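**Q** This is the structure I want to talk about, given as structure tokens.
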Amino acid sequence: MIHELVAKAAADSEQAEHLEIHLLSSQASDADRQLATALLISCAADPGADLPAALLDVVIELARQEAPAAVQHEISRHTATLLKLTRSPEPDLQVAALQVLGHGTGDPELAARLADLEDETAKIAAARLHPTFLLTITSPVTALVAARELGHAATAESAQQLAAALVRDPDALYELAWRDADLADLLAYLGDHRVAALDVIAAPASPVELRREAARAVRRLYPAGDLSVFIGHMLADDDELVRRDALRTICPSPYLALPFADRIAALLDDTPKNRRLATGGLLLMGDPRWKPYAAQVIRDGMTAKQLIQALEEEQEEPSAELKAAVSERVAELLQAGQRLSRDVQEINGLLRLARRWADSSLVPVLAQALPTADPRWRISVAQALADLGEDDDIAIQALQALAGDDLYFGYLAHHAGADPQFMREALLAADASNVKATLFAAELFGDAFPGIIERLEALRDDPASLKHRVYGASGLFHLRGENPPADLLDQALATLTGRSAQTARWLAEQTGYPRPSRS
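Using the numbering used here, the letters of the sequence shown correspond one by one to residues 9 to 527.
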């Protein structure tokens, strides 16, 4: 089986990943791992191999995570082959071979040979084979990465050396990425010494790219008590991205944001993205200093649902500026065509605000957008148009134009003040089996609509749909005061959800029928 898996891995990178997963699982034995190590190294040394470096990468992961003695011995048994691969013209294969050599059994002679090479990867491999060769690594950044991998305790001196090296050459950050590490990893490794390193790395005089990386690292490591002071520094940094990472670190939590409330409030005058983050933080804390900036935040775009909810709960009359901002943003979103899900939430939320505030200035925009509106927000647009365009011919005509597609638009036009005859004719033209038409007819015209009682009775007795039965019973109760059958309420209250369940509960309350208890 192992032979077959390795053969597949040699020709396909996805199969190499599958092999790695298998070898690291409980299904593989130490003998399987030893055999796979030998086969993978041999295949990588084949001049015709398609993915030699990828094969050695599997050995590296195997050695890092499992590393039974048999695997280490197998690596050492192939030392000559691996040394030959370190002279390959392919850089990736050179690096992989050096890394594999470092996971063999401790061989001082091989370690010394690797340490003499002018290659940091070779020196790390040497240090793996014999710790004394850690001192041969000249780059403080690489030395710290190696010490971390080897499990050596961090020191104050190594923290100082790391900080000085990064300030002197911020491009050393790329070296970290190349070695599958980042600044947050090293700061976590430094433990109690990380504050001293950050004092230098995150200082205002440090290169901006280094301060940004420090901000990302603090964001990953926070909350940690000894890093709070750096959040304060980051919030006051000259660089927009550093400030943004600080806001992203603390604003999602009122507990984390509260100590920095004044500094967060000061960033309401920052860039649009930072202002939005600051507003969110203040909202979570219940700090009202966001209110004068609400209109600007809405104009900035991507209005957070927390802000919309807060404005919906406000008891004060909104300012003309705030109403204008909502109108402008709704118009912008509706005219922009295809939107993301977050924009759909924003559109629907802003339309709720416009309806709450009875802002009729939106009627022309909504009427124009309705015919081509995306289905995800078309109903919200129509409902807002009906509310805001009461007795407005523009709104009524826009809604009536779509009544042929869906009677609900005609229903909304009726409530907006349309001539009742329009909806009456539309309902008369609808098929008698149209449930929506029957319910609209009962609500809007009552007993005066021809055949409505018979249609409601047919709904109430529909054996195919419990929902239809509830709606039919509700209509009959409205028009005739006729109580629904007890078994109908039993079934409906026990099984239905959503609107039909609400209707059933209302019927039960009106008729004094007890809701059955659920076991």
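Even for Gly, the Cβ is constructed at its ideal location relative to N, Cα and C.
The model shown is predicted, which means the values in this text are computed figures rather than measured ones.
Can you give me the Cβ contacts of aspartate 247 inside the same chain, cut-off strictly under 7 Å, excluding the 5 residues immediately before and after it?
**A** So the qualifying residues of the chain are Val216, Arg219 and Arg220.
**Q** From which residue to which residue does the alpha helix (DSSP H) around tryptophan 514 run?
**A** Run containing tryptophan 514: 506-519, per the alpha helix (DSSP H) assignment.
**Q** Below 8 Å on the Cβ atoms is my guess for leucine 407 versus leucine 420; work out the distance and round it to an integer in Å.
**A** At roughly 5 Å, the Cβ-Cβ gap stays under 8 Å, so leucine 407 and leucine 420 are in contact.
**Q** If you measure between the beta carbons of alanine 105 and leucine 93, is that distance less than 9 Å?
**A** Yes, they are a contact pair.
**Q** Can you give me the start and stop residues for the alpha helix (DSSP H) that serine 84 sits inside?
**A** Element bounds for serine 84: 77-85.
**Q** Would you report the Cα separation of glycine 110 and leucine 70, rounded to the nearest angstrom?
**A** So the two alpha carbons sit approximately 13 Å from each other.
**Q** Apart from the five residues just before and just after aspartate 115, which ones in its own chain have a Cβ nearer than 6 Å to its Cβ?
**A** Answer for aspartate 115: Leu137, listed in chain order.
**Q** Taking glutamine 35 as part of the alpha helix (DSSP H), name the residues at either end of that continuous run.
**A** Glutamine 35 -> no alpha helix (DSSP H), and no H or E assigned at all.
**Q** Consult DSSP for tyrosine 230 and reduce its assignment to one of helix, strand or coil.
**A** Tyrosine 230: coil per DSSP, three-state reduction.
**Q** Out of Thr144, Leu243 and Gly309, state which residue places its alpha-carbon closest to the alpha-carbon of arginine 227.
**A** Of Thr144, Leu243 and Gly309, the residue nearest in Cα terms is Leu243.
**Q** Could you tell me the alpha carbon to alpha carbon distance between aspartate 40 and phenylalanine 141, rounded to whole angstroms?
**A** In a straight line, the C-alpha of aspartate 40 is about 32 Å away from that of phenylalanine 141.
**Q** Assign proline 55 to one of three DSSP states: helix, strand, or coil.
**A** Three-state result, proline 55: coil.
**Q** Can the beta-carbon of lysine 299 be found closer than 9 Å to that of glutamate 354?
**A** Their beta carbons are not under 9 Å apart, which means lysine 299 does not touch glutamate 354 by this criterion.
**Q** Below 8 Å, is the gap between the Cβ of alanine 105 and the nearest heavy atom of the ligand GTP?
**A** With respect to the ligand GTP, the structure offers nothing, as it holds no ligand at all.
**Q** Use the C-beta contact count for serine 349: other C-beta atoms within 10 angstroms, 16 or more gives buried, fewer gives exposed.
**A** Looking at its Cβ environment, which holds fewer than 16 other Cβ atoms inside 10 Å, serine 349 is exposed.
**Q** For alanine 375, which of Arg384, Asp400, Arg364 and Ala366 has the nearest alpha-carbon?
**A** When only C-alpha atoms are compared, the closest one is Asp400.
**Q** For glutamine 42, I'd like the list of residues in its chain whose CB is within less than 7 Å of its CB, leaving aside the five on either flank, ordered along the chain.
**A** So the list reads Ala78, Val79 and Glu82, once near-sequence residues are dropped.
**Q** Please return the same chain residues whose Cβ sits closer than 6 Å to the Cβ of alanine 151, not counting the five positions on each side in sequence.
**A** Answer for alanine 151: Ile145, listed in chain order.
**Q** Suppose only complete runs of 4+ residues qualify. What are the alpha helix (DSSP H) ranges in the region 137-173, listed by chain order?
**A** Counting whole runs of 4 or more residues, the region 137-173 contains the alpha helix (DSSP H) stretches 148-158.
**Q** Report yes if the C-beta distance between alanine 434 and alanine 411 is below 9 Å; otherwise report no.
**A** In contact: alanine 434 and alanine 411 (Cβ atoms closer than 9 Å).
**Q** Are there 16 or more other CB atoms within 10 angstroms of the CB of serine 525, so buried, or fewer, so exposed?
**A** The predicted model places serine 525 with a pLDDT of 48, which falls under 50 and marks its position as unreliable, so this point remains unresolved.
**Q** Can you grab the Cα-Cα spacing for the pair arginine 360 / leucine 393, in whole Å?
**A** So the two alpha carbons sit approximately 11 Å from each other.
**Q** Looking only at C-alpha atoms, which of Ala18, Ala333 and Gln35 sits nearest to alanine 7?
**A** Outside the shown range of the chain, which is 9 to 527, sits residue 7, and nothing can be said about it.
**Q** Can you check whether the CB of valine 103 is closer than 9 Å to the CB of cysteine 51?
**A** Against a cut-off of 9 Å, the Cβ pair of valine 103 and cysteine 51 comes out as no contact.
**Q** Starting from the C-beta of glutamate 490, find all residues in its chain whose C-beta is less than 6 Å away, skip the five residues before and the five after it, and write them out in chain order.
**A** Contacts found: Leu484.
**Q** What is the rounded straight-line gap between the Cα of alanine 46 and the Cα of leucine 191?
**A** Cα-Cα distance, rounded: 35 Å.
**Q** Rounded to the nearest angstrom, what separates glutamine 35 and alanine 24 at their Cα positions?
**A** Their Cα atoms are separated by approximately 17 Å.
**Q** Check whether the Cβ atoms of alanine 254 and alanine 273 lie closer than 9 Å to each other.
**A** No; because the gap between Cβ atoms is not below 9 Å, this pair is not in contact.
**Q** Secondary structure at arginine 384, three-state DSSP: helix, strand or coil?
**A** In this structure, arginine 384 counts as helix in the three-state DSSP scheme.
**Q** Since threonine 98 and serine 147 should fall inside the 8 Å C-beta cutoff, what is the C-beta to C-beta distance between them, to a whole number of angstroms?
**A** Going by the sequence as given, residue 98 is glutamate instead of threonine. Contact doesn't hold; Cβ gap of about 23 Å is too wide.
**Q** Assign serine 327 to one of three DSSP states: helix, strand, or coil.
**A** Residue state, collapsed to three classes: coil.
**Q** If you reduce the DSSP assignment to three classes, tell me which class arginine 95 lands in.
**A** Residue state, collapsed to three classes: coil.
**Q** Going by alpha carbons, who is nearest to leucine 31 out of Asp65, Leu396, Asp54 and Ala53?
**A** It is Asp65.
**Q** Measure the CB-CB distance between leucine 474 and proline 492 and report whether it falls below 9 Å.
**A** No, the Cβ-Cβ distance between leucine 474 and proline 492 is not below 9 Å.
**Q** Mind checking aspartate 395: buried by the 16 CB within 10 Å criterion, or exposed?
**A** Flag for aspartate 395 reads buried.
**Q** What do you reckon, are the CB atoms on aspartate 367 and serine 388 nearer than 9 Å?
**A** Going by C-beta atoms, aspartate 367 is not nearer than 9 Å to serine 388.
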